[in-house]
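Just so we're aligned, residue 220 is where the sequence shown starts under my numbering, counting upward by one. Ideal Cβ positions, reconstructed from N, Cα and C, are used throughout, including at glycine. These figures come from a predicted structure and were not determined experimentally.
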Amino acid sequence: MIKRKRKKTSLLLTLGTTALLIGGGATAYWVLGQKQELSRIMPAGANVVPQDALVALSVSTNPDRWQQLREFGTKESQAGFDRTLSNLRDRFLTPNGYNYQQDIQPWAGKEVTIAFLSQQTKSPEGKLTQQSSKPEQDKQSVVIVLPIDDPVRAIKLLEQPNSPLKQGNWVDRTYKGVQIKEIKVRSTENYSATVLDRRFLVITTDSKATDRAIDAYLGGASLAKTPGYSQALQQIEADRPFAKLYVNIPAAAAVAKNFQQQVSPQGFDQLQQQQGLTTTITLEKEGIRFKSISWLKPNSQKKYIVKNEAGIMPKLLPADTLMMMSGGNLKRFWQDYVQGAESNPMTPFKPQELRNLVKNFSNLDLDKDLVAWMDGEFSLSLIPFPHQSKEDSSSLNSGAGVVFMVKASDRSLAEKSLEQFDRALANKYNLKVEATKIGDLPVINFTSPSQRPKMSHGWLKDNVAFLVLGDNITDAIVPQPKATLASSQLFRNIVPSELKLNNGYFFLDIDRLGIDLTASLLTSLLRLSPDPNTQRMLRNSILPTHAVGITAAISDARSTRIDIFVKLKKVEE
Numbered sequence: 220m221i222k223r224k225r226k227k228t229s230l231l232l233t234l235g236t237t238a239l240l241i242g243g244g245a246t247a248y249w250v251l252g253q254k255q256e257l258s259r260i261m262p263a264g265a266n267v268v269p270q271d272a273l274v275a276l277s278v279s280t281n282p283d284r285w286q287q288l289r290e291f292g293t294k295e296s297q298a299g300f301d302r303t304l305s306n307l308r309d310r311f312l313t314p315n316g317y318n319y320q321q322d323i324q325p326w327a328g329k330e331v332t333i334a335f336l337s338q339q340t341k342s343p344e345g346k347l348t349q350q351s352s353k354p355e356q357d358k359q360s361v362v363i364v365l366p367i368d369d370p371v372r373a374i375k376l377l378e379q380p381n382s383p384l385k386q387g388n389w390v391d392r393t394y395k396g397v398q399i400k401e402i403k404v405r406s407t408e409n410y411s412a413t414v415l416d417r418r419f420l421v422i423t424t425d426s427k428a429t430d431r432a433i434d435a436y437l438g439g440a441s442l443a444k445t446p447g448y449s450q451a452l453q454q455i456e457a458d459r460p461f462a463k464l465y466v467n468i469p470a471a472a473a474v475a476k477n478f479q480q481q482v483s484p485q486g487f488d489q490l491q492q493q494q495g496l497t498t499t500i501t502l503e504k505e506g507i508r509f510k511s512i513s514w515l516k517p518n519s520q521k522k523y524i525v526k527n528e529a530g531i532m533p534k535l536l537p538a539d540t541l542m543m544m545s546g547g548n549l550k551r552f553w554q555d556y557v558q559g560a561e562s563n564p565m566t567p568f569k570p571q572e573l574r575n576l577v578k579n580f581s582n583l584d585l586d587k588d589l590v591a592w593m594d595g596e597f598s599l600s601l602i603p604f605p606h607q608s609k610e611d612s613s614s615l616n617s618g619a620g621v622v623f624m625v626k627a628s629d630r631s632l633a634e635k636s637l638e639q640f641d642r643a644l645a646n647k648y649n650l651k652v653e654a655t656k657i658g659d660l661p662v663i664n665f666t667s668p669s670q671r672p673k674m675s676h677g678w679l680k681d682n683v684a685f686l687v688l689g690d691n692i693t694d695a696i697v698p699q700p701k702a703t704l705a706s707s708q709l710f711r712n713i714v715p716s717e718l719k720l721n722n723g724y725f726f727l728d729i730d731r732l733g734i735d736l737t738a739s740l741l742t743s744l745l746r747l748s749p750d751p752n753t754q755r756m757l758r759n760s761i762l763p764t765h766a767v768g769i770t771a772a773i774s775d776a777r778s779t780r781i782d783i784f785v786k787l788k789k790v791e792e
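Set out below in structure tokens:
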């Protein structure tokens with residue numbers, strides 16, 4: 220019996236050991252697969268870039284991709300693009316005796332990473348704090364990481380007798396066992412170069428940046444170890460991306476020009492809850508696609524409400540809509556807008572400015588009388604006035620009207636507010652208020668004795684209220700458009716559709732809106748200076764663009780997603 224028991228024990232032990240080995244092997248295989256997956260989507264040199272970098276940009280080194288990029292734009296924008304590349308080459312390669320095509324490209328990896336660092340002040344708790352003055356330019360440094368695909372060829376180039384690293388006033392030093400070469404090019408500009416484990420060539424603009432890169436590579440805080448970064452990359456993974464961008468939101472905000480003078484301490488504290496933003500950039504036949512995600516720090520008090528309820532607005536607007544931006548919940552959007560205005564000097568309109576505008580125009584309280592019942596989907600759009608003939612239907616000749624829509628959660632409260640609105644406008648501006656119907660839907664028109672209706676409001680189906688500014692626009696949306704924006708070919712091609720559940724859209728038809736009007740619109744939305752130089756800069760930047768489409772969504776309690784597609788003109792067009 221003892222033998223039988225031993226055999227049984229031995230058998231159980233063998234089976235258990237086998238199961239453990241199989242399970243352990245499967246676990247190890249899974250862990251290895253996860254590491255390989257992360258290694259595949261991580262930017263080259265992410266473990267070399269210090270974690271407190273302001274910005275990190277990884278760009279493909281494939282010549283075919285760069286040629287594809289050069290197909291977009293105009294001859295003028297292409298010339299500007301070439302000048303930018305020349306400036307980068309002249310700054311980092313030519314002064315050091317290197318030619319990219321001859322000396323670097325034969326052994327370089329599939330992408331190069333450029334990171335911008337800056338000295339930052341930290342509190343005793345380790346949090347970033349605002350700097351008392353504008354950072355000096357020479358305190359910002361650049362780290363360039365070139366992966367080495369052919370170590371033999373790279374080392375041979377770097378160590379040959381006539382190599383620039385063997386000539387001139389290069390000085391050798393060692394940091395944590397790593398050999399470094401440094402040279403002073405100008406009184407304010409130094410260069411430092413080192414090779415890490417025959418895997419990366421690292422070039423920086425100062426010695427401290429090199430030391431920080433080595434620290435990151437030897438197990439310190441690197442971009443690759445940034446909390447939430449790898450998970451964010453997995454959500455926006457793209458096939459053969461041209462570039463990957465990372466922005467350290469709180470660090471970049473802390474050193475932005477004049478930023479600390481424009482943001483309140485409370486707003487700055489809000490920014491410290493942000494972790495970062497990362498984007499994958501992909502070149503496509505008709506333009507460029509951006510997939511972005513921003514996320515909060517793991518210990519942030521702030522959290523997002525995960526509700527993606529947008530979708531109906533493009534179905535309520537006509538196919539010839541020039542611009543539309545929409546969201547899933549106006550009340551929540553306004554609350555977030557008010558809170559975010561404290562930490563964002565680029566906010567288009569300050570909340571109190573909007574409150575004062577509504578009060579002066581209609582005697583209504585924006586928060587109590589309007590936003591209180593507007594916790595449904597909403598949109599703000601530009602719709603062209605009806606064309607007089609078919610000949611002018613391809614361009615914006617007769618102007619455009621503004622259409623605002625919002626789904627009401629409390630219609631009785633909404634109707635009381637709108638009645639107050641009607642009385643205020645009638646008394647204040649001597650307008651005639653006319654109640655009518657289009658089909659079975661109620662519409663209120665505002666007219667002056669000598670003019671046609673200039674403003675209207677009313678109700679669509681499903682408790683959607685609308686306000687129209689402009690002649691004959693109401694007929695385009697009531698009772699419903701004959702052809703909708705959602706069904707138009709341009710909207711379907713431009714606006715990203717991957718985020719089936721989303722929190723809003725942005726659509727802009729630049730071809731039909733026109734360059735000047737688009738520049739003016741963007742100036743208003745971005746709160747930029749209306750001076751001629753700013754307008755000219757905007758016109759030059761948007762000139763090669765046909766249209767822009769954006770889809771936004773709340774991914775989870777700590778991250779938001781934005782997908783953008785920009786349809787670009789090509790040089791031969």
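Between which residues of its own chain and residue i is the CB-CB distance below 8 Å, once the five residues before and five after are set aside?
{"i": "residue 571", "result": "none"}
{"i": "residue 666", "result": "650, 651, 653, 672 and 673"}
{"i": "residue 787", "result": "291, 292, 505, 506, 507, 763, 764 and 765"}
{"i": "residue 668", "result": "651"}
{"i": "residue 281", "result": "329"}
{"i": "residue 520", "result": "492"}
{"i": "residue 302", "result": "none"}
Buried or exposed, going by whether 16 or more other CB atoms sit within 10 Å of the CB of residue i?
{"i": "residue 724", "result": "buried"}
{"i": "residue 540", "result": "buried"}
{"i": "residue 780", "result": "buried"}
{"i": "residue 648", "result": "exposed"}
{"i": "residue 774", "result": "buried"}
{"i": "residue 493", "result": "buried"}
{"i": "residue 363", "result": "buried"}
{"i": "residue 329", "result": "exposed"}
{"i": "residue 596", "result": "buried"}
{"i": "residue 518", "result": "exposed"}
{"i": "residue 162", "result": "The question about residue 162 has no answer, for the chain in this structure spans 220 to 792."}
Leaving out five residues on either side along the sequence, give the residues of the same chain with a beta carbon under 6 Å from the beta carbon of residue i.
{"i": "residue 509", "result": "498, 500 and 783"}
{"i": "residue 522", "result": "776"}
{"i": "residue 544", "result": "599 and 725"}
{"i": "residue 548", "result": "594"}
{"i": "residue 469", "result": "347, 490, 491 and 493"}
{"i": "residue 772", "result": "527, 718, 721, 722 and 780"}
{"i": "residue 424", "result": "360 and 361"}
Using the DSSP secondary-structure output, state which residues sit across from residue i in a beta bridge.
{"i": "residue 319", "result": "According to DSSP, residue 319 bridges with nothing at all."}
{"i": "residue 365", "result": "420"}
{"i": "residue 739", "result": "According to DSSP, which records beta bridges pairwise, residue 739 is partnered with nothing at all."}
{"i": "residue 412", "result": "400 and 422"}
{"i": "residue 597", "result": "546 and 625"}
{"i": "residue 563", "result": "In DSSP, residue 563 forms no bridge with anything."}
{"i": "residue 780", "result": "512 and 772"}
{"i": "residue 666", "result": "651"}
Only counting the same chain, and skipping five residues up and downstream in sequence, which positions put a Cβ closer than 7 Å to that of residue i?
{"i": "residue 457", "result": "499, 501 and 510"}
{"i": "residue 453", "result": "260"}
{"i": "residue 373", "result": "326, 367 and 420"}
Rounded to the nearest angstrom, what separates residue i and residue j at their Cα positions?
{"i": "residue 533", "j": "residue 593", "result": "18 Å"}
{"i": "residue 264", "j": "residue 419", "result": "7 Å"}
{"i": "residue 583", "j": "residue 622", "result": "20 Å"}
{"i": "residue 294", "j": "residue 789", "result": "9 Å"}
{"i": "residue 393", "j": "residue 399", "result": "6 Å"}
{"i": "residue 643", "j": "residue 791", "result": "55 Å"}
{"i": "residue 335", "j": "residue 421", "result": "13 Å"}
{"i": "residue 426", "j": "residue 269", "result": "14 Å"}
{"i": "residue 451", "j": "residue 676", "result": "43 Å"}
{"i": "residue 432", "j": "residue 365", "result": "13 Å"}
{"i": "residue 551", "j": "residue 627", "result": "13 Å"}
{"i": "residue 446", "j": "residue 733", "result": "43 Å"}
{"i": "residue 322", "j": "residue 461", "result": "22 Å"}
{"i": "residue 701", "j": "residue 465", "result": "44 Å"}
{"i": "residue 288", "j": "residue 715", "result": "20 Å"}
{"i": "residue 370", "j": "residue 437", "result": "20 Å"}
{"i": "residue 586", "j": "residue 657", "result": "30 Å"}
{"i": "residue 536", "j": "residue 331", "result": "44 Å"}
{"i": "residue 513", "j": "residue 496", "result": "4 Å"}
{"i": "residue 546", "j": "residue 529", "result": "6 Å"}
Nearer than 7 Å: is that true of the beta carbon of residue i relative to any heavy atom of the ligand GTP?
{"i": "residue 621", "result": "This structure lacks the ligand GTP; in fact it carries no ligand of any kind."}
_For a minimum of 3 consecutive residues, which ranges assigned as the beta strand (DSSP E) are wholly contained in the stretch 668 to 736?_
If we require 3 residues or more, the beta strand (DSSP E) runs fully inside the stretch 668 to 736 come out as 674 to 679, 683 to 688 and 723 to 728.
Note down, one range per segment and in chain order, each alpha helix (DSSP H) of at least 4 residues found wholly within the stretch 425 to 504. Given a length threshold of 4 residues, each whole run of the alpha helix (DSSP H) inside the stretch 425 to 504 is given here in chain order: 426 to 436, 448 to 454, 468 to 474, 478 to 481 and 484 to 490.
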